[in-house]
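Quick mapping for you: the protein sequence lines, in order, are chains A and B. Per my numbering, the first sequence starts with residue 1, numbered consecutively. Per my numbering, the second sequence starts with residue 1, numbered consecutively. I have placed the structure first, in the form of structure tokens, so that the comments after it can refer back to it.
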Amino acid sequence: MSAVGERRITYDARGLAEPHAEAPRVAEIADGRATFDAHPLTTRQINLELRRLLYEEGITDVTVQNPGAKHSIGVGILTRCKLRFEGSLGYFGLGLIDGPEIVVTGRVGWSACENMMSGVVVVESNAGSLTGAAMRGGDLVVKGRVGARTGIDQKGGTIIVGGDAGSMTGFMLQRGRLIICGNAGPGLGDSMYDGTIYVAGTVKSLGIDCVPGEWTDADTELVERKFSIYGLGSPPAFQKFVCGKKLYNYDNLEPAERKLVL
Amino acid sequence: MCGIAGLIYRDGTHEIGRDLTRMLQSMKHRGPDSTGYALYGPRGHRIVMRYTLADSNTPRDFEFPDRLRRHQAQVVERLRALGATIHDVEAETEYAYRIVLELPSQNGTGDLKAIADRIEDIPDCEVLSLGHSLEIVKDLGDAESVAHQYELGGFTGTHAIGHVRMATESDVDISGAHPYWAYPFSDVAVVHNGQLTNYFHWKRRLERSGHRFQSECDSEIIAVYLAEKMSEGASLEDAMHTSLEDLDGVFTYIAVTDDALGVAKDEMAAKPLVLYESDEVVALASEEIAIRAVLDREIETYDPYESEVLVWQR
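Below, the structure written as structure tokens:
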């Protein structure tokens, strides 16, 4: 069994990793496309190289080979471009992105695509917990299974999961859609404010204030359109779940407001 | 935060000391305070005892070396008084020792409780592990420094678990470091990431059953809890399933015996664990980057779900 080579990372007094790192300039560029091997690079070097290619070189199609499940890769990409990660990403991958179209051929760890604003991310394998946390827009497609609390605090966009989802999926969902093609764990949609959850398989239990919703033509249109866009075949039959609107008193005044009124 | 890792080879012995070091070192950022190993070598008739006579950060007064020598002599003397035949004594560091011994009883196991109690009665002495194949090594610092100090690079065996600790609720010392041996049961150990909220409930309950704890750490409860269930006839898997009902809190733990390794997650799945499984090896860790430290190829990994228990035999 071979082992990965040792990587030494330096920190400054504030604990910031590699404060003086520079883009390694290792990418091969041809026909407007760039490719580089991330295996020998640190997280910061990979992100600096990506930013150099996208923002300085103006390349809009980049392939990153062997990301090796390193954490925090591909964060803060705020431009329209195509990225392909050939391998797996660790925690907090692809966070805070706005616009890119990304394919990950492996798995993503916890909190992938956190705070994603727009764009498309397709993960060919599985994802960890907290996938798409606080996501605001765009489409996130995970073809395998996802961990617990997927779509927690989601505020927009669509998350599509090809396999099963863990406990508390859609916890505190505020807006947007979660489409689960497999089974959902306990506490589905717990404390959700709004938004819609579709589940094709079984639901272990519903969370507080998550209730079955009425299926409409708009739901059929949405699911069929998303499946068609991402080549997922014919959609299975889904159950729909929405917020029961019993937990939060949207129409009541805040205590401070009530004081003013009264 | 802490990080846990486990590795079980299904195709014979490997250099598990070296491999687990790589896994733990890659998760140094999850806990730089201390690092611990529970390593399983080939099972033999003899018993291996790992113990410490002081902590690595115990103040070194003028009498420190004399005290260590005196206490070490007492360990050997007490073991002989209990009828043990001592085959080998190694000083791993100035305060940590490894003794290979044989007991006179029929199955060679003897009364491990009597041994542990008698040895720990020596001031500052702590028995880290006692078993036919289990050896627990733990100390302050990262995995590389502990492995170097204890020469773990050449340790061969079939399976192992490890822990990197970020001390949050107890001191930075060896007794607060994981893994925990399930005193006084042979060859059972646990590493844990999380918090048990009914720790005192179970501690009192297990103490009433005659158990004693070596630390104030909630993780030790899990080890003793499982070992007690298994001593009553439960399999490791059954004991782990029961633990999900009995233990309260957020946790992911890895438990290990001389021939099996298992993982359990609480009902909230609040603590991370990533898993890779093949016919040759099962590797699991708080972060995938640790698995990739020993499997340098594209692999398919996944997170176990809430309330899930998975057990593998070597």
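Glycine residues also receive a C-beta, built at the ideal position from the N, C-alpha and C atoms.
In chain order, Y91, G109, W110, G128, S129, G147 make up the part of chain A whose C-beta sits under 9 Å from the C-beta of P272 (chain B). Taking 8 Å as the Cβ-Cβ cut-off, the stretch 284 to 296 of chain B approaches chain A at E287, E288, I289, I291, R292, A293, V294, L295, D296, given in chain order. One Cα belongs to T169 (chain A), the other to I152 (chain A), and the distance between them is close to 7 Å. Contact of S88 (chain A) with chain B is assigned, a C-beta pair being separated by under 8 Å. Distances from the CA of M135 (chain A) to each of A:S118, A:V146, A:E22 were compared; the closest alpha carbon is that of A:S118.
Taking a beta-carbon distance threshold of 8 Å, P186 (chain A) counts as an interface residue toward chain B.
Using a CB distance below 9 Å, the part of the stretch 47 to 80 of chain A facing chain B consists of N66, G68, A69, K70, H71, ordered along the chain.
Identification of residues in the stretch 166 to 196 of chain A having a C-beta nearer than 8 Å to some C-beta of chain B yields G166, S167, M168, G185, P186, given in sequence order.
Classified as buried, E308 (chain B) has 16 or more neighbouring CB atoms from the shown chains inside 10 Å of its CB. Under the 8 Å criterion on CB atoms, A147 (chain B) is classed as non-interfacial with respect to chain A. Between H159 (chain B) and L7 (chain B), the C-beta gap is smaller than 8 Å, which places the two residues in contact. Between L39 (chain B) and G17 (chain B) the beta-carbon gap is near 6 Å, inside 8 Å, which marks them as a contact. In this structure, the straight-line span from the alpha carbon of V141 (chain A) to that of K82 (chain A) is close to 15 Å. Between the alpha carbons of T242 (chain B) and P179 (chain B) lies a distance of about 21 Å. The DSSP assignment places complete beta strand (DSSP E) segments of no fewer than 3 residues inside the stretch 56 to 115 of chain B at 85 to 91, 96 to 102, in order along the chain. Apart from the 5 residues on each side of it in sequence, G157 (chain A) sits with its Cβ closer than 6 Å to the Cβ of M135, G137, G138, G176 in its chain, given in chain order. S125 (chain A) has a beta carbon lying within less than 8 Å of a beta carbon in chain B. CA-CA distance, F238 (chain A) to C181 (chain A), rounds to 8 Å. Annotated as distal: T52 (chain B) and V164 (chain B), with beta-carbon spacing of 8 Å or more.
The criterion of a C-beta distance shorter than 8 Å is satisfied by E114 (chain A) and G95 (chain A). Runs of the alpha helix (DSSP H) spanning 4 or more residues and lying entirely within the stretch 137 to 177 of chain B occur at 143 to 150, in chain order.
Its Cα nearest to that of D98 (chain A), the residue A:G76 stands out among A:G76, A:L178, A:L253. The beta carbon of M27 (chain B) sits closer than 8 Å to the beta carbons of G3, A5, V164, A285, S286, E287, I289, A290 from its chain, once the five residues preceding and following it are set aside; these are given in chain order. Cβ contact annotation for L48 (chain A) (same chain, cutoff 7 Å, sequence separation greater than five): A21, E22, A23, in chain order. The distance from the Cβ of A223 (chain B) to that of V250 (chain B) is about 18 Å, inconsistent with a contact at the 8 Å cut-off. In this structure, the straight-line span from the alpha carbon of S88 (chain A) to that of V137 (chain B) is close to 32 Å. Cβ proximity to chain A below 7 Å picks out nothing from the stretch 88 to 105 of chain B. At a cut-off of 4 residues, the continuous stretches assigned as alpha helix (DSSP H) that sit fully inside the stretch 229 to 285 of chain B are 236 to 246.
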